[in-house]
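Visitor: Its first residue numbered 1, the sequence shown is counted upward by one per residue in full-length UniProt numbering.
The C-beta atom is built at its ideal place from N, Cα and C for all residues, glycine as well.
Note that the structure is predicted; figures quoted are calculated from it, not measured.
My structure is below; once you've seen it, I'll send some questions.
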Amino acid sequence: MASHRSYQSKGYLQRLRKLPQLLALVVFSYEILLLQGTHGWTYHYSNKPVRWAKARSYCQSHHTDIVAIQNPEENAYLKNTLPGQGEHYWIGLKKINDKWTWIATHRPVENFTLNWAPGEPNDKRLTEHCVEMQSIRSEFAGKWNDESCKKRKRPLCFEASCNATSCSGHGECVETINNFKCSCSEGFYGSYCEHVVKCERLANPDRGVVNCSKPYGEFSYNSTCDFGCVEGYEMTGTSKLQCTSTMAWTAPAPECTVVNCFTLEISNLDFMNCSHPLDRFSYNSTCTFSCREGYVIHGSDRLQCLSSGKWTAHNPFCEVQVCEALAVPDHSTMRCFHPIEDFSYNSTCAFSCQEGFVLKGLDTLHCRVSGEWTAPAPTCEAVKCDELKISHSLLMNCQHPFRPFSYNSTCAFNCKDGFILHGSDRLECKASSNWTAEIPSCKAVQCPLLKSPESGIINCSHAFGDFSYSSTCDFSCSKGFVLNGSDRLQCQASRLWTQETPSCEAVTCTTPGKLKHGFKNCSHPIGPYSYNSTCDFDCVEGYMLNGSNRLRCGAFGQWTALEPSCEAVNCQTLVQPERGAVNCSHPIRDFSYTSTCDFTCAEGFSLQGSDTLQCLSSGQWTAQSPTCKAVNCQTLVQPERGAVNCSHPIRDFSYTSTCDFTCVEGFVLHGSGRLQCGASGYWTAEIPTCKAVNCEKLMVPDRGVMNCTHPITTFSYSSKCDFSCSEGFSLQGSDTLQCLSSGQWTAQNPTCKAVNCQTLVQPERGAVNCSHPIRDFSYTSTCDFTCVEGFVLHGSGRLQCGASGYWTAEIPTCKAVNCEKLMIPDRGVMNCTHPITTFSYSSKCDFSCSEGFSLQGSDTLQCLSSGQWTAQNPTCKVVNCQILSPPERSVMSCFHPIANFGYTSTCNLSCAVGFVLYGADRLKCGAAGEWTAQTPTCKAVTCQTLVQPDRGDMICSHPIKDFSYNSMCDFSCGEGFGLLGSDRLRCGADGQWTASVPTCKAVLCKVLTQPRQGTINCSHPIDYFSYNSTCDISCDEGFVLDGLGRLQCQVPGKWTVETPTCEAMKCEVLITHPPMIMNCTHSAANFSYGSACNFSCAQGYLLKGSARLQCNESGQWTDPLPTCNDDAGSYLANVMTYTAAVMAAILAALFTVMTAVSIRRHLKKKDKYIIKQDRMRRKN
């Protein structure tokens, strides 16, 4: 807009000032040409005061816009030039968003142009948002004052000489006195801004491309060039350049450099072979890896550097080939040698089994290159004895410490009830794979012999021998007899049968009762009313037997039939006649001899036959059953113009016959519509007649004519009337009415009504005012239309309803003022709502930027009633993120598509071998100016925290941090425990230990069994028969312990002493000479506890003393040794007695010596054990 304006033709202005009287004659507003310049703006005003919005609308319709004052000189000139009248003038200054703005130029008011009157602006009542210039007659002529926009002032307008092409569209046209000049936009120059600034020509970078936009010419101002690199190369520098008004690009041209990956490493003992087509460890570099013998590669054996700056996989590494960790088999020992690592390549393990066990598998295993052992791990299996198989009567209870029927298995035997054991009651499997004895057997017990009962049969089954345990005998009787007692006996373990032997008795039937009105005669061949008894039955005169006349008692205690009875003679059952009733009396029973029945008929019916019947002794009635016949009425005929419809339930025109009467259409019935024949033979009423239907009398409509015809009677059925209206009125209703058979006309009486036009409604954003001389929206009605402020009327302002029922024109509409079309900002989004039409009054547009860009300017623009937007079109600017630094022990590669560390910039991060990335491996600059995640860190791989095994120790070293990559832990066990597993574990790069955590297992000793004739009591503080287990052994009565009574499991897996045994208590060896005869049995050992000896003498000698001696638990015989004396004299007896005495003395001496020697040996053995125990304690 112009900052200075030139005015000419002052004489013309003076002439205009002499025309106030002429201006006063103007009814509506008009304008006066204030001044006219040859190349400047011209000013105009109107004499009609209006509101500010109307003032601007007036200026925009007739000129350019409402005036905008740009400097004090312009304000002063207007003050001196405007006519000196009392009215003030609206100028184009208005408060928008609390800022005073020139509406025509959309510029805020500048301080040097302010020309406020004293105390202004004051915004009284908070509604003064528009500005007036006070007239020269006021105290503050030419000064500004804020006023309410609703007040009325004169419009002060301007009309510009500049147009859109004055400065080539690249500058602002500034109107000056007698001239205008161009203020060029940035990047343009020349008198009319016709030249554009140019920058240096750009070329494609090596391994890259450039794509430029040329809004004003190639490589000229505002040209933008986007650079990109081919795959595998990354941009060094700014990827987007723009040509500025200084003829220089915003940054130097970028370069494309090859993407690098981090340098790969591998152990000196392993192999890596790489090829680098572009540069060392850069895009498309490939490396292959292999390991020395006995080692395997962890990771991909081939890596390639990708365009992202990452290898296709993590850096691989070589680890020794590991075999599965071996566990020590039960009941065995394992000794391993690990030249590299536990259970790894070249490791060797040897196996052996404890006593009583055999090795299944190889005794030595080697870990091979493949990571497999040379064979599966062996096992130690207990020695097997033959599986014991028993008969059905033998019971066996076995205990198998290791596996069925193997070393140390023990089986106890006893017999089922009814059987006796023959053989040993306990067997044990020894290390030799033999049982201690043969399998015992069971023999069944015997019961007494059974015999068949009289008139009965016996049938027996013998499972284990005739009449032995479990033998069963079934008893039954001959036909007609029943068993008294149990029908089955079984031989029990007690050698007795389950019941006494049963007997057979004849079957009996129930005694028949006395026959009423009859008699019976019975015979009993066996017993009263028993099997084969018969009874004959008969009735007295007048009664008939119901049932069998003879009954016989059967083999099952049942008569051959039910007991008969004597019943009276019956007559045929009578039924009541149709339309009648019967009443009977039965002295004996229903419809039997002497029964009588009386008959009657219902109303309207008469009885045909005898009214009383009686049942005779012959079973016949005295007469036939009677019937009932209906009464008749007079025959009926149909009435004139009618019809009759009759129903005859019984027969034509008889009792209960009904007749319904109807009339033809248009006629109604006079009289009863239904007649019925009564019980007296007469109809209920006289015959009815038919008469025509009447309709209501019709009226001639106002302003109309009616013409009627009546075929029957006036306004009756089939009468017809025609209607019509006077000119200018239309018939409301049917033009023809006819009287129907229902007594109603075919329609309502019609009327005559004036013609109507369509009902009008006010247009949207407008108003309508109507007048109706006759009635609403009918002939001659008129309607005037207007629009609300900001809308203009399209169409006729007045409509009238014509005689044809149509308005004189179409309904007009109100259309809103339009604003300039808005543009969507680059990298932005515009979302508009148009309540009325596109980019028109009250349209609202919300602006937002694409993700990663921020809005520069107002985010909401609204179209005002003046046709202007509330602000300029906004723009979008890219968002930046914080500059990243690579974390320790990591590699970072970044890509910046838009700007360094700007929106969509991405950085890839990775860690060295043995370290893992904590956080995201890729960070991207987000739309909010924040990275997608915190900068990650590289931390050593951690393995599971280890704890020392129970009864063991663990010593660990941690080069980086506790239980992390390269941490190493050594394990050992306490005394009496052996390590099960690897003794050293290392934390690998994969976060796994080289083996499972070992355990400490107590040393095992041989499982002890209780000695024969003894008991064992053990305590196991750790495990079953393991280190520190103790066992106390004692013997049964009559037996003594041979060895120490307490054993303890020690470190090498051995008991402190051998298992003791229980030996029977010894008695003195008995020696006899003829004529003495001695016969001995020894349950344990010769002449020991339980031994018994029976004595007798040769013929001619007599035994003196006890005939049976037994060795008791104290090692003594129950009586002295007996002697044999002859009957001839006492000499020989004395000699024998002396000899026996001498021998007894000798034997006693020998026994004493042997006992002393045995006790001494036992004491020496005990002393050695005590000394050994004492040495072990001192050593510990």
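(1) If I follow the unbroken beta strand (DSSP E) through residue 414, where does it start and stop?
(2) Is the CB of residue 777 under 8 Å away from at least one CB in chain C?
(3) Excluding sequence positions up to five away, which residues of its chain have a Cβ less than 6 Å from the Cβ of residue 275?
(4) If you draw a straight line from the C-alpha of residue 591 to the C-alpha of residue 551, how long is it?
(5) Under the three-state reduction of DSSP, which class applies to residue 979: helix, strand or coil?
(6) Taking all protein chains shown into account, decide if residue 1161 is buried (16 or more other Cβ within 10 angstroms of its Cβ) or exposed.
(7) Is the segment 369 to 387 touching the segment 955 to 972 in the sense that three or more CB pairs, one from each, lie closer than 8 Å?
(8) Hey, which unbroken runs of the beta strand (DSSP E) at 3 residues or more fall wholly within the UniProt domain "Sushi" (445 to 506)?
(9) Under three-state DSSP, which class holds residue 350?
(10) Are there 16 or more other CB atoms within 10 angstroms of the CB of residue 132, so buried, or fewer, so exposed?
(11) Quick one: grab the DSSP three-state call for residue 1151.
(12) When the Cα atoms are used, what is the spatial distance from residue 757 to residue 772?
(13) Which of helix, strand or coil does DSSP assign to residue 81?
(14) Taking contact to mean at least 3 C-beta pairs separated by less than 8 Å, is the segment 623 to 635 in contact with the segment 651 to 660?
(15) List the whole-angstrom C-beta distance separating residue 511 from residue 488, where the pair is believed to meet the contact cut-off of C-beta under 8 Å.
(16) Hey, quick one: how far does the beta strand (DSSP E) through residue 295 stretch, first residue to last?
(17) Distance, Cα to Cα, residue 407 vs residue 433?
(18) Exposed or buried, which one is residue 196 when buried takes at least 16 other CB atoms within 10 Å?
(19) Is the segment 456 to 472 in contact with the segment 525 to 545, if contact means three or more CB pairs nearer than 8 Å?
(20) Rounded to whole angstroms, what's the CA-CA distance from residue 904 to residue 931? Just pull it up for me.
(21) Roughly how many angstroms separate the alpha carbons of residue 470 and residue 524, rounded to a whole number?
(22) Can you give me the Cβ contacts of residue 944 inside the same chain, cut-off strictly under 8 Å, excluding the 5 residues immediately before and after it?
(23) Please report the residue range of the alpha helix (DSSP H) in which residue 56 lies.
(24) The beta strand (DSSP E) with residue 613 in it runs from where to where?
(25) Whole angstroms is fine: what's the gap from residue 347's alpha carbon to residue 257's?
(26) Below 8 Å, how does it come out for the segment 995 to 1010 and the segment 1034 to 1046: are there three or more Cβ pairs, yes or no?
(27) If I'm right that residue 357 touches residue 381 with Cβ under 8 Å, what's the distance once you round it to whole angstroms?
(28) Between residue 440 and residue 481, what straight-line distance do the alpha-carbon atoms span, to the nearest angstrom?
(29) Apply the 10 Å Cβ neighbour rule to residue 914 and answer buried if 16 or more other Cβ atoms are within range, or exposed otherwise.
(30) Taking buried to mean at least 16 other C-beta atoms within 10 Å of its own C-beta, is residue 1187 buried or exposed?
(31) Going by DSSP in three states, residue 762 sits in which element: helix, strand or coil?
(32) Under 8 Å Cβ to Cβ from residue 1051, same chain only, skipping five residues before and after it: list those, please.
(33) Using a threshold of 8 Å, state whether the C-beta atoms of residue 427 and residue 414 are closer than that.
(34) Can you tell me which of the three DSSP states residue 629 falls into?
(35) Check for me: the beta strand (DSSP E) holding residue 358 runs from which residue to which?
(36) Return the residue from the list 643, 680, 681 and 682 that minimises the CA-CA distance to residue 664.
Guide: The short version:
(1) 410 to 415
(2) Among the protein chains of the structure shown there is no chain C, as only one such chain exists.
(3) 286
(4) 30 Å
(5) strand
(6) exposed
(7) no
(8) 456 to 461, 472 to 477, 481 to 484, 488 to 490 and 503 to 506
(9) strand
(10) buried
(11) helix
(12) 11 Å
(13) helix
(14) yes
(15) Residue 511 to residue 488, Cβ: 32 Å. No contact.
(16) 295 to 298
(17) 7 Å
(18) buried
(19) no
(20) 10 Å
(21) 43 Å
(22) 963 and 993
(23) 52 to 62
(24) 612 to 614
(25) 52 Å
(26) no
(27) 6 Å
(28) 49 Å
(29) buried
(30) Outside the displayed range of the chain (1 to 1180) lies residue 1187, so it cannot be described from this structure.
(31) coil
(32) 975, 976, 1003 and 1027
(33) no
(34) strand
(35) 357 to 360
(36) 643
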